[in-house]
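Residue numbers (our numbering): 11 to 233. One structure below.
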């Protein structure tokens, strides 16, 4: 194995995508191992690599890291994306927790029954527009800075941009009422490492399709 971090997950977004985003924004190159069979997954458990029997799994710095939030926290701290002091870290954590709540709804959407998809999508869009996006819009407007906390790129900004672009895949004009977020999206999308990640051929994964859902269910069983 090379010195690069190794990411083990399905060949799709899921809970690993935010980890890919954070590593890419930090300029970290990584390798990926894709789970394709249930046997691969069970072997990871048998070999003791999955502390709680769950992926994502990230191998870096001599550790086998599991649990998405713990992995993200480690990467953010290592690459100075967690604020300059405890107060900034607390602010970043609050924004991140909110965005994770929003992204969890989006993450589970492909696995919802077909007859519930329309209603669930409408609920996601409504909550995004009334509960989550207004918070970020207000923060950016009040302090007049380029980023959410401390006027320096942080985990919170990267997570927010991921959420915005994912929401736009569901509803193209979702930022119509949020001019600050439109500017934020334009700025952060053009940060060199992030711009590179958004180009074709990068490790960024496409929106989940039926084949991805079927693979996950085959490997993990019913969610």
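Idealized CB from N, CA, C, for every residue including glycine.
- Excluding sequence positions up to five before and after residue 145, its CB lies within less than 7 Å of the CB of 108, all in the same chain and listed in chain order.
- Assignment of residue 16 by DSSP, reduced to helix, strand and coil, places it in the strand class.
- Ranked by Cα distance from residue 228, the first of 41, 105, 51 is 51.
- A check of alpha carbon separations from residue 167 across 102, 116, 113 identifies 102 as the nearest.
- Taking C-beta atoms as the reference points, residue 82 and residue 29 count as a pair closer than 8 Å.
- Put simply, the backbone Cα of residue 158 is about 12 Å away from that of residue 92.
- A Cβ-Cβ separation of about 6 Å places residue 75 in contact with residue 84 under the 8 Å criterion.
- Taking the Cα positions, residue 143 is about 35 Å away from residue 71.
- Note: residue 107 is not bridge-paired with any residue in the DSSP secondary-structure output.
- The DSSP-derived three-state label of residue 43 is strand.
- For residue 14 and residue 135, the gap between their C-alpha atoms comes out near 37 Å.
- A direct Cα-to-Cα measurement between residue 80 and residue 128 gives close to 33 Å.
- Rounded to the nearest whole angstrom, the CA to CA distance from residue 87 to residue 125 is 42 Å.
- Contact holds between the segment 34-43 and the segment 201-213, because three or more Cβ pairs, one in each stretch, are under 8 Å apart.
- Taken through DSSP and simplified to helix, strand or coil, residue 75 comes out as strand.
- In this structure, DSSP gives residue 145 a helical state, which the three-state scheme calls helix.
- Comparing alpha carbon positions, the residue from 191, 16, 25, 149 closest to residue 217 is 25.
- Here residue 65 carries a coil assignment [DSSP, helix/strand/coil].
- A residue is called buried when at least 16 other Cβ atoms come within 10 angstroms of its Cβ; residue 118 does not meet this threshold and is exposed.
- Taking 8 Å as the upper bound for CB-CB distance, residue 173 and residue 131 are not in contact here, some 15 Å apart.
- With fewer than 16 other CB atoms across the displayed protein chains lying within 10 angstroms of its CB, residue 179 is exposed.
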